[in-house]
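Q: Let me begin by handing over the structure; questions about it come next.
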Amino acid sequence: TSSFGTTSMALLHLISKVKPGHPVHFIDTSYHFPETLAYRDQLVTDLGLKVVEVKAEAKKNRFTKENQTWRFNQDLCCFINKVDPLDKIKGNYSVWVSGLLGFQNIHRNNLDLFELKDGILKFHPLIDMTKEDLSLYRQLFELPVHPLIHQGYDSVGCTHCTKKGQDREGRWLDVDKTECGIHDTQSWIGNRVAV
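Going by my numbering, the sequence shown opens with residue 812, and the numbers climb by one from there.
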């Protein structure tokens, strides 16, 4: 999966070199910044990526729009637009490669390189990469920078739940929340694989 967020380019570049044409699942919530969609399109062109869009059912997404669910129940909005659509396709795969980085928050810093749940091996190949490593990688391979970085966004999600800020502090305004639920620790506890 890829959010095509501010730190996505490293894993996407690696995938394009190691397994060209491998599907990259993009969860289209319909709430992305236009800059994120333009960045996605640029990386698709530059790296030759095969993007598969994952979306909520139209009526469920419409419900979140009409009721502005993100204002009063961010967990429900994330579940409808991200978690549930991804859960519906995860059973088709035995390995999930994710670009989570340990420096992004405490939850991610505590993740292992490999985790196992419901027959899916989750692999975090970049989990130990630092901000400096990521910056160097981007420069070394001349990869484009997400346009919102220059506007003060270190992390980018949906437009109504993202503000400027360092790492993931700019996510989910005025709420003690740093994850949407697709990387939920609770669902993976007890299923870690020692390396």
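Where a beta carbon is used, it is the ideal one built from N, C-alpha and C, also for glycine.
#1: From this set, L927, A869 and T856, which residue's C-alpha is nearest K904's C-alpha?
#2: Taking V835 as part of the beta strand (DSSP E), name the residues at either end of that continuous run.
#3: Tell me, please, which residues DSSP counts as bridged to I931.
#4: Can you tell me which of the three DSSP states E846 falls into?
#5: Output needed for R979: all residues of its chain with C-beta closer than 6 angstroms, excluding positions within five of it in sequence on either side, in chain order.
#6: In the DSSP assignment, find the unbroken beta strand (DSSP E) run with K830 in it and report its ends.
#7: For I938, which option in S813, I838, L922 and G930 has the closest C-alpha, if you only look at C-alpha atoms?
#8: Put Y964 into one of helix, strand or coil per three-state DSSP.
#9: So, are the CB atoms of G816 and T847 less than 8 angstroms apart?
#10: For I1000, name the three-state secondary structure that DSSP assigns.
#11: Decide if V956 is buried, meaning its Cβ has at least 16 other Cβ atoms within 10 Å, or exposed.
#12: Is the CB-CB distance between K899 and W907 below 8 angstroms?
#13: Going by other Cβ atoms of all chains shown within 10 Å of its Cβ, with 16 needed for buried, is L759 buried or exposed?
#14: Secondary structure at G981, three-state DSSP: helix, strand or coil?
#15: Measuring straight from C-alpha to C-alpha, what distance separates H824 and G913?
#16: In chain order, what residues of the same chain have a beta carbon less than 7 angstroms from the beta carbon of G981, not counting five sequence neighbours either side?
#17: Can V865 and H833 be called in contact, C-beta distance under 8 angstroms?
A: In short, the structure shows the following:
#1: In the sequence as displayed, the identity of residue 904 is Tyr instead of Lys. The residue with the shortest Cα to Cα distance from Y904 is L927.
#2: P834 to I838
#3: K928
#4: helix
#5: Since pLDDT at R979 reaches only 48, below the 50 mark, its modelled position is unreliable, and no value is offered.
#6: Careful: K830 lies outside any beta strand (DSSP E) and carries neither H nor E.
#7: L922
#8: strand
#9: yes
#10: Because the pLDDT of I1000 is 35, which lies under 50, any placement of that residue in the model is unreliable, and the question is left without a value.
#11: exposed
#12: no
#13: With the chain running from 812 to 1006 in the structure shown, residue 759 is simply not present.
#14: At G981 the pLDDT is 47, less than 50, meaning the model places this residue with poor confidence; the figure from the coordinates comes in the next sentence. Correct three-state label for G981: coil.
#15: 19 angstroms
#16: Caution is warranted here: a pLDDT of 47 is assigned to G981, below 50, making its placement in the model unreliable, and no coordinate value can be reported.
#17: no
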